[in-house]
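So the sequences go chain by chain: H and B.
The first sequence runs 3 to 453 under my numbering.
The second sequence runs 3 to 453 under my numbering.
Glycine included, each C-beta is placed from N, C-alpha and C at the ideal position.
One structure is given here, and the rest of the page talks about it.
2 protein chains.
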Amino acid sequence: MRNDSLLVTDLYQLTMVQSYLDHGLTHSASFELFVRKLPEHRNFLVFSGLESLLKYLEQLRLDATELDWLRKTGRFSDTLLDYLETLRFDGHVDAMREGTVFFPDEPVVRITASLPLAQLIETRLINLLHFQTLIASKAARVRLAAGDRQLVDFGLRRSHGAEAGLLAARASYLAGFDATSNVQAGFAYGIPIVGTMAHSYILAHERESEAFVHYAHSHPAGVVLLIDTYDTEAAASKVVELAPRLASEGIRIQAVRLDSGDLGAHARKVRGILDRGGLHQVRIFASGNLDECRIKSLLDEGAPIDGFGVGTRMNTSSDAPYLDCAYKLQEYDGRARRKLSEHKATWPGRKQVYRHYRDGMIERDIITTLDDTRSTGEPLLQPVMRDGRRLHALPDLDAARAYARQQLQALPVALRQPDMVEEGRPVVEVSQALQNLAKAVDREIRLRMAS
Amino acid sequence: MRNDSLLVTDLYQLTMVQSYLDHGLTHSASFELFVRKLPEHRNFLVFSGLESLLKYLEQLRLDATELDWLRKTGRFSDTLLDYLETLRFDGHVDAMREGTVFFPDEPVVRITASLPLAQLIETRLINLLHFQTLIASKAARVRLAAGDRQLVDFGLRRSHGAEAGLLAARASYLAGFDATSNVQAGFAYGIPIVGTMAHSYILAHERESEAFVHYAHSHPAGVVLLIDTYDTEAAASKVVELAPRLASEGIRIQAVRLDSGDLGAHARKVRGILDRGGLHQVRIFASGNLDECRIKSLLDEGAPIDGFGVGTRMNTSSDAPYLDCAYKLQEYDGRARRKLSEHKATWPGRKQVYRHYRDGMIERDIITTLDDTRSTGEPLLQPVMRDGRRLHALPDLDAARAYARQQLQALPVALRQPDMVEEGRPVVEVSQALQNLAKAVDREIRLRMAS
């Protein structure tokens, strides 16, 4: 199955488009994606996924088999099927840069296209941007907790499918991870890949030290030994015993990995054993049920750990596995729109976000109408696609990663800790122009409701 | 990117395989997948994903581009690259049937193959089975809460990628959902697809009632109207007004959908309005932040809701977005293996699970060694693949779904509620034979550790 298939959509997109075509609702529409509110434990979000969205839009088409299947369901009119057969994305995209720190109610992407087209892409657009933003936001927290220690994405196996693993590897790298265990992410995005051995490798050998020597001979350039299969400290002593023999063959042991038990206590003991054995340069790498809170607490207690493998809890954003986001119609045929549904009302019209910094720190964001000429600051939404064509190449992944790093450096200090804070947050302000527009739209809605 | 690519793996699988090949560790190995412990709020799990695993194994190969990329990384030996180039899965698979209810420590799948091959498939095997089992287990809880009301998967947009959406649609259908909004799941698996309109559809029209009429004309066979965009009860009255006009054109309104506010209170008011308007046959369908707990509470309070769209919280299994599962080497070259790492020791050797029923209810499971001739009961693990070939076609999706339904009917009543229970659980017992094997393996490990 193609991940970027047009069939990766909710059926209602197709039924709505059929009705739009039937009734001539094909004028220009603008939709915006935004997050309604932060999940618990989140102080900020990091935008990610734009590159994959543009790729999706550029290749948007049905293949013959898919079209044929749609026809055979007997659900759809010829009008719709003909429309889908020749469909290409020829709309506009405005978006924040990947790696931008953002807050609730701020639009991160605006799509402007004919109503049927802008509607049709909703499901996959959310599917791509929601997940990557979710993971980049989680991974940024892990990066803030880990300081400059090595961070490796280990989460593929418990990711929700292969695409989730691939996109999570990219989003976490964007947000500051150094590498991933996911080989496909190396192939697809050039992300550095890392990995050595599992417990099964040790278990398959008759003796642990034999497993270590075999590995060192097969991979002399990257010897990282997993030492917790039987007895962690005993294994550390074996490493000390083996080191001179391997050194005589020109092989240097780079690191040992701990994957179970009290990681802090083991790390201290192992550090002592390695140091007494003269192996000061051998680093200690830890993994196993880690997240930003656990890493912070290990480092707070002074655990001598040089790098972390972070898996499931990062790749599934396990404490907050989704965001309350929405892709809403903001303007149709030149007129601003807004929904009144209880607890779900949104700011109407096409919008811009202006950012203000003080001493290099994010101080204030202003959400306002696109045509507001009074507001000032750095406009966060920029044109990236016009009439279905990119205006320019997006920054490559390493450039986006560098930008995300700058953004995290501009994050107010209060927001960098794992706990949610109220004080020290940047002000996110809705401009008078936008408040006026919302009132005008509501008046119009009440008039229409009365009719 | 191919979801079933051999590159969807952790790098350490490749580095381990290279070392196995270098040192002649290519004898027969058996690995088993099991869940270590239930997440909070779970009383049982439902096995899902076997069909996708077999398909993955049947097509296991590297394409030329992928192989070329691996070669160019400069990380791998010719021995490994030659091995990967001609690799095919020629091992054995034993597994529970999809839809089987199971408990911690029970192996759900056993792979027996040469050590490098059985190792190499680990990451994708877990990636496929973990996620589908996670979702089937969550969806089964939703089914138990909803009784026989209609249940539709609405979760694609906030699924973790496209593959997650597709696999979640299948896993939830397997566990008792009736349909999905995911069009690709209809294409791929023949699952019934459902969907009508979003708020944007209403907002694009000047008047709500015009939107309703347009929709009815475009989709006369499936009129489900979303009534919460402006004022839910006012919209219900409009539905009552429109019904005779549509009826005169031969169009019947099937249902209305509520998506916000207090769903129970709105449903009661809307039911009253519809009934007073003579629309007794128009059903009420509800969606919006639903899960098994919310559905149970709505039904407990008597909300007149006929069907539910369940999205994000089911598709991400949001209260427990991962399972603590492991794929462990149980036997290599004829000898049972086990890891001693703290808190992570597992039962060694190749195993079988025997199930006992009483009055049609699951009463007791026995986990034992594969060669135990004393234990009795229904053996849950069955051979499905030998030497890389299926022994028979698996039951199709509807048959698997019927089996899951039977399994849920055999679930002890205490385990059917959303809360976790201690009393009334089936006994899961480890046989004396398996306990003896574990002791023997531990003795052997200690002898080896001393050496």
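Counting along the chain, I113 (chain B) sits inside the beta strand (DSSP E) bounded by residues V111 to S116.
Counted as a single uninterrupted DSSP element, the stretch harbouring T17 (chain B) is not any beta strand (DSSP E) but the alpha helix (DSSP H) occupying residues L13 to D24. Closer than 8 Å to the CB of P414 (chain B) there is not a single CB belonging to chain H.
Excluding five sequence positions before and after L417 (chain H), the CB atoms of its chain that fall closer than 6 Å to its own CB belong to N45 and F46, given in chain order. Distance between R427 (chain H) and G163 (chain H), taken at the CA atoms: about 36 Å. Apart from the 5 residues on each side of it in sequence, L136 (chain H) sits with its Cβ closer than 6 Å to the Cβ of S319 and L325 in its chain, given in chain order.
Identification of chain B residues near L158 (chain H) by a Cβ-Cβ cut-off of 8 Å yields V10, T11, D12, T125 and N129, ordered along the chain.
Sequence-distant partners of A120 (chain B) (beyond 5 residues in either direction) whose C-beta falls short of 6 Å from its own C-beta, in its chain, are A31, F33 and I113. Using beta-carbon distances, A236 (chain H) counts as an interface residue toward chain B, with a partner under 8 Å.
If you check the CB distance, L410 (chain B) and A142 (chain B) come in under 8 Å. Given a length threshold of 3 residues, each whole run of the beta strand (DSSP E) inside the segment 258-291 of chain B is given here in chain order: 285-289. Residue-level contact check: H25 (chain B) touches chain H, since one or more beta carbons of chain H fall below 8 Å from its beta carbon. Each residue's CA atom was taken as its position, placing L227 (chain B) and G76 (chain B) some 59 Å apart. A straight-line Cα-Cα distance of about 20 Å links R273 (chain B) and M199 (chain B). Per the coordinates, the alpha-carbon of T125 (chain B) lies some 13 Å from the alpha-carbon of G313 (chain H). DSSP places Q354 (chain B) within a strand segment (E or B) once states are collapsed to three.
Between the alpha carbons of A245 (chain B) and L23 (chain H) lies a distance of about 24 Å. With contacts defined as CB atoms closer than 8 Å, V430 (chain B) and F105 (chain B) qualify as a contacting pair.
For the alpha helix (DSSP H) assignment, the uninterrupted runs of no fewer than 4 residues enclosed by the segment 346-417 of chain H are, from N- to C-terminal side, 399-411.
The continuous stretches of alpha helix (DSSP H) do not include F105 (chain H), and DSSP gives it neither H nor E.
Under the three-state reduction of DSSP output, Q61 (chain B) falls in the coil class, being neither helix nor strand. DSSP links L227 (chain B) through a beta bridge to B:V258.
For H282 (chain H), no CB of chain B lies under 8 Å from its own CB, so it is not counted at the interface with that chain. For A238 (chain B), the enclosing alpha helix (DSSP H) covers residues T234 to S250. Residue environment for M422 (chain H): exposed (fewer than 16 other C-beta atoms within 10 angstroms of its C-beta). In the structure shown, V215 (chain H) falls within a helical segment according to DSSP collapsed to helix, strand and coil. Taking the CA atoms as reference points, T234 (chain B) sits about 11 Å from A267 (chain B).
At a Cβ-Cβ threshold of 8 Å, R285 (chain B) and G263 (chain B) do not count as neighbours. For N184 (chain H), the three-state secondary structure derived from DSSP is strand.
Within the same chain, I229, V258, V272, I275 and L276 come within 7 Å of A238 (chain H) by CB-CB distance, once the 5 residues on both sides are set aside. Its chain contains A181, V196 and G311 as the residues whose beta carbon lies nearer than 6 Å to that of V154 (chain B), once the 5 sequence neighbours on both sides are disregarded; these appear in chain order. The closest CA to that of F287 (chain B), considering only B:F133, B:L69 and B:V225, is found on B:V225. Annotation for Y334 (chain B): the continuous beta strand (DSSP E) segment containing it runs D326 to Y334. Counted as a single uninterrupted DSSP element, the beta strand (DSSP E) harbouring G309 (chain H) occupies residues G309 to V312.
Between Y359 (chain B) and A406 (chain B) the beta-carbon gap is near 16 Å, outside 8 Å, which marks them as no contact. Shown here, S7 (chain B) sits in coil according to DSSP, grouped into three states, outside any helix or strand.
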